[in-house]
Every structure is written in structure tokens, then in C-alpha cells.
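Engineer:
Residue numbers (the UniProt record's numbering): 1 to 243.
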């Protein structure tokens, strides 16, 4: 289980560099709990899931969806934003609205992109399924409640990620060290990490932007460490649309 949670740190850097959601922190996978909920599998039309996801994916990269390697999609999304900048988010928001409608509405969207269902629908392991789950939850948030704050603070967030990189890296290093030394304190270690990583964004971009970035991290913790949801929910208070 320890090896599983540390698979996600490099992806975090890619996220903050061009604001590609979500952080998908590599330190999460190592301590992830994989309890499969079969109830989600019967509430998604797999045929529509595949058709709709392919249409969405092809906006960024032509060809079949790399189900077994979510990082390919992340790279395509990042490349798109590297070229388009903040203006690219308007298109992504439109494509996301189309995707949600295509799969059958908001509840169907959450059901279809739940990692437990994706394991079966796409014949992938739990780690990869969780990467996809976090990705689509983050896109939904950044194109929904978080969108105005994202657009307004895009370049500030990007600048903090570039110039405060050592500070953010130290937050991750502190989390890893704490988790190694106190593995029974995962939830408290997560809370400390969220506070640490949010701080430079609040300082330079304001509480709403800090909350947005913090919530990007928190989404991943909800997927990888659901047992810590109640504690993590007390943080990222500046996140738009979230309590």
C-alpha cells in the first residue's frame, strides 16, 4: 500500500505549470484504500460512456482513448492549454457541458466516471481508474463552480506554481516524511499538507485562488482516502462553491 500512494507526485508539477486539473498527487496512491462499490456499475450506460468520452478526448488528441494510461490524456490536455492559455478553458467548459449531457446528465456523469465502474467498463486496474476518476471530477469542478476564479487567476496560479515550486515540493516532502514516520496519522498528515500547499497561492493570488488549488488536491484525497473526507472537508474554505 505504501508504494501505491507515491505514484502521483510528478503529475502534480505538470498540473500547476499550466493549470491542468487535477493535481493527481502521486503521494496519494501509496496509501489508497480500494473498496469497490458495485452499486455504481449498474447506473451507467457503458456504450454511451465510451462514445461520449471518445468524442471529448478527440477534442485534444485524435485516436482511441488510452484507457490504461491516463497520463496520455493529461499530456494532451496540458499541451492544449500550453498553446491556448486561459482562453482554452472556454472551449473545455463547452466540451464538458456536452460530455455531461451526452452521458445522461450530472448524476450519470458522476456514476459513469466513478473509479469502481471504470475498472469494469474499461478493464483497468484500480490505480488507473482512480486517476481517471480524479481527472473527471476535477474537470467538472473547474468548469463549474471553480470556473470564474480559475479564469480570473489563471496566470497568477501558474506564476506561483513556477516561482514557488521549491515551497510546494517541500510540502510534498513533508507529507511523505510524516506518512513514513506516522502511517497511522494519514488524515492529519493530509490536513497538514492541504494547509501547506494552499498557503503560497493564498499569499500571492488571494483566498479564492488558494481555495481552488487546495480543492484540486482535496478532490484526489476524497478518491484515494475517503476515510479522511470529514477532516479534509474542514479545509480549502476559500474554494468557490464548496464548504
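Just so it is clear, CB atoms sit at the ideal spot from N, CA and C, and this is done for glycine as well.
None of these values were measured; they are calculated from a predicted model.
May I have the straight-line CA-CA distance separating residue 82 from residue 146, to the nearest angstrom?
Structural biologist: 20 Å
Engineer: Which whole-angstrom value describes the C-beta separation of residue 212 and residue 150, a residue pair presumed to lie in contact below a C-beta threshold of 8 Å?
Structural biologist: 6 Å
Engineer: Mapping DSSP to helix, strand and coil, what is residue 68?
Structural biologist: coil
Engineer: Near residue 49, which residues of its chain fall below 7 Å by C-beta distance, leaving aside the five closest residues on each side in sequence?
Structural biologist: 103, 112 and 121
Engineer: To the nearest angstrom, how far is it from the Cα of residue 15 to the Cα of residue 43?
Structural biologist: Confidence is the limiting factor: at residue 15 the pLDDT is only 42, short of 50, which leaves the residue's position unreliable and the question unanswerable from this model.
Engineer: Quick one: residues in its chain with C-beta nearer than 7 Å to the C-beta of residue 57, no 5 flanking neighbours on either side, listed in chain order?
Structural biologist: 65 and 73
Engineer: When we look at the beta-carbon of residue 182 and count the other beta-carbons within 10 Å, is it buried (16 or more) or exposed?
Structural biologist: It is exposed - the Cβ of residue 182 has fewer than 16 other Cβ atoms within 10 Å.
Engineer: When burial is assigned at 16 or more other CB atoms within 10 Å of the CB, is residue 129 buried or exposed?
Structural biologist: By the beta-carbon neighbour count (other beta carbons within 10 angstroms, threshold 16), residue 129 is buried.
Engineer: To the nearest angstrom, report how far apart residue 209 and residue 141 are at their CA atoms.
Structural biologist: 13 Å
Engineer: Could you give the distance in angstroms between the alpha-carbon of residue 132 and the alpha-carbon of residue 46?
Structural biologist: Cα to Cα, the separation comes out at about 15 Å.
Engineer: Since residue 167 is in the alpha helix (DSSP H), which residue starts that stretch and which ends it?
Structural biologist: 165–181
Engineer: Where does the unbroken alpha helix (DSSP H) through residue 142 begin, and where does it stop?
Structural biologist: 126–142
Engineer: Helix, strand or coil: how does DSSP classify residue 114 here?
Structural biologist: coil
Engineer: Residue 204 lies in the alpha helix (DSSP H); which residues open and close that run?
Structural biologist: 186–205
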